[in-house]
Structure formats: C-alpha cells, structure tokens
Amino acid sequence: MGIVGSGIMGSGIAETTIESGYKVVLLSRTPESAKMMVETIKASFKKKIDRGNKTEDQSLEDLDRLSVTNEIAALSNCDLVIETVVEDLEVKLRVMRSLDTVCKPSTILATNTSTFPVVELAAATNRAGQVCGIHFFNPATVMKLIEIVRTLVVSEETIQRVCAFALSCKKDAVVVKDQAGFVVNALLFPYLNNAIKLLERGVATKDDIDTAMKGGCGFPMGPFALLDLIGLDTALSILNSLYGEFKDPNYAPAPLLKRMVSAGMYGRKNKVGFYNY
Ligand SMILES: NC(=O)c1ccc[n+]([C@@H]2O[C@H](COP(=O)([O-])OP(=O)(O)OC[C@H]3O[C@@H](n4cnc5c(N)ncnc54)[C@H](O)[C@@H]3O)[C@@H](O)[C@H]2O)c1
Numbered sequence: 000m001g002i003v004g005s006g007i008m009g010s011g012i013a014e015t016t017i018e019s020g021y022k023v024v025l026l027s028r029t030p031e032s033a034k035m036m037v038e039t040i041k042a043s044f045k046k047k048i049d050r051g052n053k054t055e056d057q058s059l060e061d062l063d064r065l066s067v068t069n070e071i072a073a074l075s076n077c078d079l080v081i082e083t084v085v086e087d088l089e090v091k092l093r094v095m096r097s098l099d100t101v102c103k104p105s106t107i108l109a110t111n112t113s114t115f116p117v118v119e120l121a122a123a124t125n126r127a128g129q130v131c132g133i134h135f136f137n138p139a140t141v142m143k144l145i146e147i148v149r150t151l152v153v154s155e156e157t158i159q160r161v162c163a164f165a166l167s168c169k170k171d172a173v174v175v176k177d178q179a180g181f182v183v184n185a186l187l188f189p190y191l192n193n194a195i196k197l198l199e200r201g202v203a204t205k206d207d208i209d210t211a212m213k214g215g216c217g218f219p220m221g222p223f224a225l226l227d228l229i230g231l232d233t234a235l236s237i238l239n240s241l242y243g244e245f246k247d248p249n250y251a252p253a254p255l256l257k258r259m260v261s262a263g264m265y266g267r268k269n270k271v272g273f274y275n276y
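Residues 0 to 276 (numbering that gives the first Met the number 0) make up the sequence shown, in order.
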C-alpha cells in the first residue's frame with residue numbers, strides 16, 4: 000500500500016499498517032520529514048519493546064516493510080493508497096489527480112480527510128468508483144475506529160475491500176455517509192469549540208475545564224489537551240468545513256482558536272498550543 004504525507008496521521012497509519020503486515024511505501028515531500036517520521040516510528044517501537052509488547056526482531060521485520068520516497072511514481076503498483084496531506088482541499092485535489100495518473104487502474108485511492116466531501120476528490124479522478132474515505136483517528140496506532148466513507152458513486156466492491164483492510168489492521172470499521180465530519184467529528188467538534196468559548200468567557204481556567212471533563216465525564220483527556228493533540232491548525236480547518244457545510248453556530252470557530260493559529264500555535268506538533276510541550 001501507499002501513504003501520502005508524513006505528518007501525524009501519515010506516520011501513525013504507516014506504523015499501524017506495517018505492524019499489520021503490509022508493505023508500505025510512504026511519499027514524503029522532503030527527506031527531513033521522512034527521516035523524522037521513521038524516527039517517530041522507531042521511538043514508538045522502542046517503547047513497545049521496553050514494555051515487553053514487541054520483540055527486537057519483530058520491530059526490525061516491521062521496519063523492513065516500510066520504504067520512503069519523494070517520487071510519486073513509486074506508488075504506481077500499490078493496491079491501496081491513502082492520502083494524509085494537510086486538510087486543504089486544493090492540495091488534496093492535486094494529490095488525487097496525480098495519484099490517478101500514476102497508479103495502476105485497479106488501485107483504490109482513499110483519503111483520510113476529516114471533513115471535505117470525498118466525492119469531490121473522487122470526481123477529480125477517472126476512477127470515482129474506486130475512491131472512498133478511510134478516516135483513521137489520532138493516534139492511529141491506538142484508536143480502534145476507522146470511518147469508511149461511502150460516496151454516492153463508490154462501488155460496493157471498493158467498500159467491501161476497504162472494510163476487509165480495516166479488519167486486517169484490527170480496527171472496528173463503520174461505514175458512514177459522505178457528509179462533513181462523518182459521525183465522530185460532527186459530534187466532537189461542537190464540544191471542543193464550545194470548550195474554547197467557555198474559556199473565552201472566563202468560566203474556568205483551561206486546566207480546570209480539562210480536569211472537569213476528565214473527572215465529570217470519564218474522558219481520558221480534556222478538550223484542550225485533545226485540541227493540542229489534534230493540531231490547532233487542523234482543528235480550525237475542520238471547524239471551517241463543518242461551518243461551511245451546515246452553517247450551525249456551534250461550528251463557527253471560536254475567535255481564540257483563529258488567533259492562536261494565526262500566531263503559529265499549532266499544539267503538540269510544534270510544541271506550543273493551549274499547553275507547552
Ligand atoms: N490530527 C488529527 O487528529 C487527525 C485525525 C484524523 C484525520 N486527520 C486528517 O489527516 C490529514 C492530515 O492531518 P495531520 O494531523 O497528519 O496533519 P500534519 O500537519 O501533521 O501533516 C500534514 C502533512 O501534509 C503535508 N503537506 C502540507 N502541505 C502540503 C502540500 N502543499 N503538498 C503536499 N503535502 C503537504 C505535510 O508535509 C505533512 O506531511 C488531514 O486531512 C486531517 O484532517 C487528522
């Protein structure tokens with residue numbers, strides 16, 4: 000299989016799929032980001048070895064199945080390619096068009112988009128029946144769910160093959176309609192956005208809001224820790240798309256989020272967000 004993009008999701012999906020036995024070719028824009036991605040996976044494997052959840056030999060075998068390239072032609076022979084580039088429709092359309100040109104006719108092309116209409120990406124190709132969403136969650140190695148996005152034009156065979164792929168990665172698959180936010184983000188993002196609005200109104204500090212939602216709802220992390228994990232730039236793009244689709248005020252991004260992204264505060268990925276890392 001092929002993966003396009005070596006950010007948070009590209010790296011997590013690469014780790015999950017090589018551990019599931021797939022041979023993975025990862026397309027990265029720069030050798031530096033490719034190297035960083037491989038280092039992230041190695042560090043994660045080391046933690047698993049230290050905890051006794053993996054052996055050195057398994058780690059080497061898994062890493063052997065991963066190759067990194069900056070030539071899109073290296074994906075030509077993949078059976079499945081998942082794009083995980085930045086949540087920007089123009090960039091994703093460009094990537095899909097290029098994949099359609101280089102990949103063999105039978106390749107399934109999938110997107111990890113959180114909110115964009117998958118059918119628009121499908122329509123940018125000459126194989127709309129073989130394009131769907133495969134929406135992994137963050138961290139992809141830990142989260143059990145994959146949302147499989149069924150467009151109006153995708154073939155049943157594609158959906159079945161992609162469901163089988165999700166199961167082979169030991170994930171739970173739910174098939175969802177091609178609508179912004181699918182299931183999880185449509186429900187999660189009003190909550191995250193309203194947490195920022197509570198903070199703006201001074202109802203409580205960010206630490207207390209996080210503590211409240213962990214202790215009061217049993218969530219493993221509070222909304223601000225989660226926003227930092229998702230990436231504030233990605234969260235803003237998701238809210239903008241949801242607002243664009245539904246015009247529901249719950250999706251209108253909180254001003255503080257917009258200001259933080261303008262200030263270059265992206266969360267964990269660049270070590271500064273609601274918290275410092
Ligand atoms: N972060 C999350 O929690 C999460 C969860 C599920 C799905 N997603 C989705 O996954 C996708 C990637 O998100 P991420 O969190 O990995 O983002 P990220 O910022 O960590 O990585 C983005 C990747 O896109 C690449 N990129 C940026 N501009 C590009 C361009 N012009 N051309 C080609 N590549 C470019 C970057 O080099 C990087 O590899 C998005 O569609 C996002 O909505 C994110």
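The beta carbon of each residue, even a glycine, is placed where N, CA and C say it ideally should be. Model, not experiment: these values are computed from the prediction.
**Message:** At a threshold of 7 Å, does residue 136 count as lining ligand 1 (C-beta to nearest heavy atom)?
**Reply:** yes
**Prompt:** Taking buried to mean at least 16 other C-beta atoms within 10 Å of its own C-beta, is residue 172 buried or exposed?
**Reply:** buried
**Prompt:** Can at least three beta-carbon pairs, one atom from the region 214 to 234 and one from the region 185 to 200, be found at a separation below 8 Å?
**Reply:** yes
**Prompt:** In this structure, does DSSP put residue 106 in helix, strand or coil?
**Reply:** coil
**Neighbourhood of residue 152 by C-beta, 7 Å cutoff - its chain only, sequence neighbours within 5 removed** = 118, 121, 127, 128
**Prompt:** In this structure, what does DSSP give as the bridge partners for residue 66?
**Reply:** 24
**Asked** Taking the beta strand (DSSP E) that residue 172 falls in, what are its first and last residues?
**Response** 171 to 176
**Closest by C-alpha distance to residue 131, when choosing among 176, 167, 93** = 176
**Request:** Spell out a yes or no on whether the region 178 to 190 and the region 53 to 68 are touching, meaning 3 or more CB-CB pairs, one atom from each, closer than 8 Å.
**Result:** no
**Prompt:** What distance in whole Å lies between the Cβ atoms of residue 58 and residue 44, which are believed to be in contact at a cut-off of 8 Å?
**Reply:** 4 Å
**Request:** Rounded to whole angstroms, what's the CA-CA distance from residue 201 to residue 188? Just pull it up for me.
**Result:** 20 Å
**Asked** Between which two residues does the beta strand (DSSP E) containing residue 44 stretch?
**Response** Looking at the DSSP string, residue 44 is not in any beta strand (DSSP E); the run it does join, the alpha helix (DSSP H), is 30 to 49.
**Message:** Could you compute how far the alpha carbon of residue 278 sits from the alpha carbon of residue 137?
**Reply:** There is simply no residue 278 to check, as the chain begins at 0 and stops at 276 in what is shown.
**Request:** Hey, could you find the ends of the alpha helix (DSSP H) residue 86 is sitting in?
**Result:** Where residue 86 is concerned, there is no enclosing alpha helix (DSSP H), given that its DSSP letter is neither H nor E.
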